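Asker: For reference, the structure I am asking about is given below.
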Amino acid sequence: MTSSSAASRKNLSKIACNRLQKELVEWQVNPPTGFKHKVTDNLQRWVIEVTGAPGTLYTNETYQLQVDFPENYPMEAPQVIFLHPAPLHPHIYSNGHICLGTGGISIFVV
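So for the sequence shown, full-length UniProt numbering puts the first residue at 1; every next one is plus one.
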């Protein structure tokens, strides 16, 4: 484990750390279609490459999402933003932040 990785885990609760390690393994074994986790040594911040789905306005476009996990994930939602350049969409602000409603979800899964 690198010192950067150790530093990132300091801020995470044990539950969050265990949960994220489990979810990271799942992403590596069975990634969602069109999504690719860019490997870093920071468990608390993921960078995910997203490829636009065929037949959409975003076909063959590639974007990067930055996902920052809070200390008490999964009880608290991660912050997800598009890195520059963000796609044009009514639910994506010019700074890359995404307008997400939780719809009553109290536990989050990546």
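In this text, a Cβ means the ideal position worked out from N, Cα and C, and glycines have one as well.
On a predicted model such as this, the values are computed, not experimentally measured, just so you know.
Whole angstroms is fine: what's the gap from Q64's alpha carbon to P78's?
Answerer: Going from the Cα of Q64 to the Cα of P78 covers about 15 Å.
Asker: Comparing alpha-carbon positions, which option in N95, M75 and V67 lies nearest K38?
Answerer: The option with the nearest alpha carbon to K38 is V67.
Asker: In this structure, what does DSSP give as the bridge partners for V80?
Answerer: V67.
Asker: If you count every other CB in all the chains shown that lies within 10 Å of the CB of T2, and 16 or more means buried, which is it?
Answerer: Confidence at T2 is low in this model, with a pLDDT of 42, below 50, so the placement of that residue should be treated as unreliable; the coordinate-derived value is given next. Answer is exposed; the Cβ neighbour count stays below 16.
Asker: Give me whichever residues DSSP pairs with T62 in a beta bridge.
Answerer: Paired residues: T51.
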